[in-house]
Amino acid sequence: MTPDASALLRWYDTHRRILPWRSLPGQRPDPYAVWLSEIMLQQTTVKAVIDYYNRFLTHYPTVQGLANAPLEDVLHLWAGLGYYARARNLHACARRASELGGFPETVDALLTLPGIGAYTARAIAAIAFGQPVVPVDGNVERVTARLYAMEDPLPASRSRIAQQAAHLNADAEAQARPSDFAQALFDLGATICTPRAPSCLTCPWRTSCIGQSRGIAASLPVKAPKQARPVRYGAHFVLRDGKGNVLLRQRPPKGLLGGMDECPGTEWRSTRWAEEDALSHAPFLTQWQDRGTVTHVFTHFTLHLTVYEATLPAGHNAGINQSFGTFRPAERAALSGVMKKCLLRADQDVETT
DNA sequence: TATTCGTGGGG
DNA sequence: TCCCCAAGAAT
1 MTPDASALLR WYDTHRRILP WRSLPGQRPD PYAVWLSEIM LQQTTVKAVI DYYNRFLTHY
61 PTVQGLANAP LEDVLHLWAG LGYYARARNL HACARRASEL GGFPETVDAL LTLPGIGAYT
121 ARAIAAIAFG QPVVPVDGNV ERVTARLYAM EDPLPASRSR IAQQAAHLNA DAEAQARPSD
181 FAQALFDLGA TICTPRAPSC LTCPWRTSCI GQSRGIAASL PVKAPKQARP VRYGAHFVLR
241 DGKGNVLLRQ RPPKGLLGGM DECPGTEWRS TRWAEEDALS HAPFLTQWQD RGTVTHVFTH
301 FTLHLTVYEA TLPAGHNAGI NQSFGTFRPA ERAALSGVMK KCLLRADQDV ETT
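Read in the UniProt record's numbering, the first sequence has 42 at position 42, and its numbers run on one by one without any break.
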C-alpha cells in the first residue's frame, strides 16, 4: 500500500523550493551540477551549501575544469564546509567522470565512483537522468518511518526503512516523474515532515500516514541513544613573519581534516597539557603569548586548544625545521573551521573570551 | 555492524 | 546553554 504519489507531486508543483542547483520545471539539469550539489549536501544543510555551491560553479563550470584543478585548490575552496574526505573524493570523482566523458547514468555504475554511495547514486540517477529510483536520505527515512509507523530504532532499522522507501514510487505518476518525485520527498521532509513539530495538518500525505493517525508521527523515527562525546586537548602556535604570512603545515592526506592546512601544534590527547610541555612542541624558541583557548565540537569529540602567538624576528626563519611548515598568506591556505578559530583567537585580546 | 569524519543553526 | 541534526560515505 503506497501513498498517493499524485497528491505529493501536486503539492510539489506549488510548494517546491527554489534552489540554485535545481533546473526549471521541464528542463534537464546538468548532471555535473546535480552531482556537485549532492556531494555538498551530504550531512550538510541547504543554507550552508548555497554559497559554496555557487563558488565552485564559478571556479569550475565543468567537470573537466574541476578534474584539471590541483587538489590544494579544491580543498581551499571547500575549506569550512567540513567532512573534507568529500572534497578529496570530489576531486577523484571529477577525474574519473572526465575520463569517462561524463557521469554514468545507472545506479550501479554511479556506485563505483569515489564519494558516491547508495543515497547519492540514486539521487543522481533520479534527478539528473530520470531513472525511477528512490534516494533514501534522512528526509525520506523520516517520512517513511512515519508513514508506516515503523517504531524500531535507528540505525538498526535503516535497511528495513530503505526497503519500504524503495516502493514509494510504485504509482505510475511517480514513475513518470522520477526527478520531481525524489525532490518532492526531500521538500516534504524539509518543510512539512520535519524532525520536530511536523506540520501534519498541511501534509499532502496526511490521510495515508499511519504515524499521524496513531498520533506518534512526531516521535518517529526512534533513535538509539548516543554515547557521550570525549574531550581532547592540544596547543597550536600562530607564528607570523611580519610580512603577512603565517607558518602553516599540511595535515596527513587522510583521516581527520586530511590534507588541510594547520598551524603547527601538539598532538590532540585526552589529558591537558602543562604549559612547559606544550611549549616544548613550539616551532621556534621565542616569547610565546598565551592567547587563551578555543573550543571546537567535532562529531565524535570536543576539542580544547590553547593558542600561542608570536612574531618572528626578521631573518630568523632559517632556523625553523621544515616539518613545521612554511610561511604563507592565510587567505591562500586550506583552513578548517577549527584552525580559522585559532587564527582569529591569535588576533584577539585574551580578555574578550 | 560500528566508527570515523565538520560545521553551523535552531529549539 | 545544550542538544539535536543536516540531500551519507568509507572503512
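Glycine included, C-beta positions come from ideal geometry on N, C-alpha and C.
Local Cβ density within 10 Å of residue i, reported as buried at 16 or more and exposed below that
i              : result
serine 219     : exposed
threonine 202  : exposed
serine 213     : exposed
arginine 28    : exposed
methionine 150 : buried
proline 253    : exposed
leucine 70     : A small correction: the amino acid at residue 70 is proline; leucine does not occupy that position in the sequence shown. When all chains shown are included, proline 70 counts as exposed.
alanine 145    : buried
threonine 266  : buried
aspartate 13   : exposed
leucine 36     : buried
histidine 300  : exposed
asparagine 54  : exposed
alanine 235    : buried
valine 34      : buried
glutamate 141  : buried
Close Cβ partners of residue i (< 7 angstroms) along its chain, the five nearest in sequence each way excluded
i              : result
glutamate 276  : none
isoleucine 50  : Pro20
isoleucine 210 : Leu147, Tyr148, Ala149
residue 354    : Not covered by the structure: residue 354. The range shown for the chain is 1 to 353.
arginine 251   : Leu257, Gly258, Gly259, Met260, Glu262
valine 46      : Leu19
Extent of the continuous beta strand (DSSP E) to which residue i belongs
i             : result
threonine 295 : 289 to 297
threonine 271 : Per DSSP, threonine 271 belongs to no beta strand (DSSP E) and is neither H nor E.
histidine 304 : 302 to 311
leucine 247   : 246 to 250
arginine 240  : 231 to 240
Sequence-distant residues of the same chain with beta carbon closer than 8 angstroms to residue i, five excluded per side
i              : result
alanine 197    : Ala218
arginine 86    : Ile39, Met40, Gln42, Trp78, Gly115
threonine 352  : Because the pLDDT at threonine 352 is just 49, under 50, the model does not fix this residue reliably, and the point stays unresolved.
asparagine 139 : Leu185, Phe186, Leu188, Gly189, Ala190, Cys193
alanine 156    : Ala224
alanine 126    : Pro132, Val133, Val134, Pro135, Pro178, Ser179, Phe181, Ala182
Limits of the unbroken alpha helix (DSSP H) element including residue i
i                 : result
valine 34         : 31 to 40
glutamine 212     : 210 to 213
arginine 16       : That residue, arginine 16, is in no alpha helix (DSSP H); it is neither H nor E in DSSP.
phenylalanine 324 : Element bounds for phenylalanine 324: n/a, residue is neither H nor E.
lysine 47         : 46 to 59
methionine 339    : 337 to 347
tryptophan 78     : 71 to 78
leucine 90        : 85 to 100
arginine 160      : 158 to 165
phenylalanine 186 : 178 to 191
tyrosine 119      : 118 to 129
asparagine 139    : 138 to 147
alanine 197       : Looking at the DSSP string, alanine 197 is not in any alpha helix (DSSP H), and its letter there is neither H nor E.
glutamine 64      : 63 to 68
valine 107        : 107 to 111
Nonlocal neighbours in the same chain, by C-beta distance under 6 angstroms from residue i, ignoring five residues either side
i                 : result
aspartate 137     : Tyr119
serine 23         : Pro29
glutamate 309     : Val238, Gln289, Arg291, Ala346
tyrosine 32       : Val63
phenylalanine 181 : Asn169, Ala174
leucine 66        : Tyr60, Ala94
leucine 113       : Cys93, Arg96
Top-ranked residue by Cα proximity to residue i, from the options
i             : options                        : result
residue 357   : Cys93, Gly130, Ala94, Arg229   : Residue numbering for the chain in the displayed model covers 1 to 353; residue 357 lies beyond these limits and cannot be assessed.
leucine 239   : Val307, Glu267, Ser199, Val222 : Val307
arginine 95   : Asn68, Thr112, Ala121, Ala109  : Asn68
proline 264   : Pro132, Arg272, Trp273, His281 : His281
glycine 102   : Gly117, Thr62, Ala172          : Thr62
arginine 229  : Phe56, Asn321, Val297          : Val297
glutamate 173 : Arg10, Met1, Lys341            : Arg10
leucine 312   : Ser323, Leu303, Phe284         : Phe284
tyrosine 233  : Arg249, Pro225, Arg269         : Arg269
arginine 249  : Arg272, Val133, Phe324, Glu141 : Phe324
alanine 162   : Pro153, Val134, Ser179         : Val134
residue 354   : Arg122, Pro25, Thr286, Leu305  : Nothing in the structure corresponds to residue 354, since the chain is present only between 1 and 353.
methionine 1  : Ala128, Gln164, Asp152         : Gln164
serine 179    : Thr44, Leu111, Glu99, Ala121   : Ala121
alanine 128   : Pro25, Gly319, Ala278          : Pro25
If we count Cβ pairs, one from each stretch, closer than 8 angstroms, do we get three or more for the stretch 281 to 292 versus the stretch 341 to 350? Touching, per the Cβ criterion.
Specify whether the stretch 323 to 340 and the stretch 68 to 83 touch according to this definition: at least 3 beta carbon pairs, one from each stretch, less than 8 angstroms apart. Taking one beta carbon from each stretch, the stretch 323 to 340 and the stretch 68 to 83 have 3 or more pairs nearer than 8 angstroms; the two touch.
How about the stretch 322 to 333 and the stretch 241 to 248: do they share at least three Cβ pairs that are nearer than 8 angstroms? Contact holds: three or more Cβ-Cβ distances are below 8 angstroms.
At a cut of 8 angstroms, does the stretch 4 to 24 reach the stretch 158 to 172 through at least three beta carbon pairs? Result yes; three or more Cβ-Cβ pairs closer than 8 angstroms.
Can you find at least 3 beta carbon pairs, one from the stretch 62 to 75 and one from the stretch 85 to 99, that sit closer than 8 angstroms? Cβ pair count under 8 angstroms is three or more, so yes.
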